[in-house]
Structure formats: C-alpha cells, structure tokens
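Below: the structure, in structure tokens.
Numbering (our numbering), first residue to last: 1 to 175.
Shown next as structure tokens:
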C-alpha cells in the first residue's frame, strides 16, 4: 500500500492543495478549475508533477435531475462522464464511470470513507481523520500516481465532500 496526504500550499498568491507521498514529496497539485456547463464552485483541476492535467466539474443541475449528479472529466486527450447511480445517492455516495471500457466506481463505505474500485478491484481508500483534519489516500501499490485513475480519485474526493455537506444539510432539514 502506498500512502498520500493532502497538504495546503500557498505559493506567490496562488493557493493549491499538494498531494504528497509518504516521503513528503509532492506528486501533484489541486487548484480551482473551469469547465463549460459545470458549476463554477465545484470544478477542480489536478496537475501531476510530470505536467499531466485533469479537470473535474459537477455538471450544472436542473431541477428534474437534482438527485442524480453528473461529473465531467477532461484530461489532455480524454473526456469522460461519471454519474451517480439512481437511488443510491439518497443513502450513500456512489459514482460510476468508464475509462477505456473498464468500469470505475467511487463509493462511500459504512465507516464514512471513500472507496475506489477499478474493473472490480479495490485500488484506494480515502480516509479523513476529523480530530487531526488529515486526509489520507491509501492506494494499491500498482496504482501509478501520475495516471488518469489517480487524478480522478483525488478530485472525486472534493465531490464526495460536497455530497457529505449536502446530505448533512438535508438530514438537518428533515430532523
């Protein structure tokens, strides 16, 4: 298992979040992004230290599809759409999509962590320690931290956090 963590980085008035490996070396940076037809507040980009970039945004929602979110993912040579599975988003976070005809699934487990599966194999878990405010990525040793899969799992964590905030708000309204 490889381990990564999110670290806030401020460099020349530019705020970003660095993803560091277990040797405290950055493997990539997350910043606000821009995508057409996506919510401005919920669009992020990830750039690896090798220069590969990826942008993920929450597609603007209409009232009729309020409970099924779609995520647009754009890299240098790929455009993908991931979406929530109908019916499951009311109970827990679950987003599915395809990369090169292989199925990728990002979902919340019963402990409240984010699990990532690729073609049926578990490739990563993202854990948040509320007490220390540290967020850790525990990834399979075969997962390349400069790959499209890694970039998607890193950025999808921000959509997972958005889902958690929105579901908490709904739960409080109903209480």
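Just so you know, even glycine gets a beta-carbon here, dropped at the ideal spot from N, CA and C.
For residue 28, the uninterrupted beta strand (DSSP E) run begins and ends at 26-32, by DSSP. With contacts defined as CB atoms closer than 7 Å, residue 28 and residue 47 qualify as a contacting pair. Burial of residue 16 is indicated by the presence of at least 16 other C-beta atoms within 10 angstroms of its C-beta. Cβ atoms of residue 72 and residue 59 come within 8 Å of each other, at about 6 Å.
Collapsing the DSSP output to three states places residue 36 in coil. Taking the Cβ atoms as the reference, residue 69 lies roughly 20 Å from residue 148, outside the contact range of under 8 Å. Annotated as proximal: residue 52 and residue 146, with beta-carbon spacing under 7 Å. Beta-bridge analysis with DSSP links residue 103 to 98.
For residue 60, no beta strand (DSSP E) segment is defined, and its DSSP state is neither H nor E. For residue 9, the closest C-alpha among the options 126, 144, 31, 123 is that of 31. Rounded to the nearest whole angstrom, the C-alpha separation of residue 128 and residue 157 is 10 Å.
Distance between residue 85 and residue 107, taken at the CA atoms: about 10 Å.
When secondary structure is reduced to three states using DSSP, residue 6 falls in the strand class. For residue 136, the enclosing beta strand (DSSP E) starts and ends at 134-139. Cα atoms of residue 125 and residue 41: separation of roughly 25 Å, rounded to the nearest angstrom.
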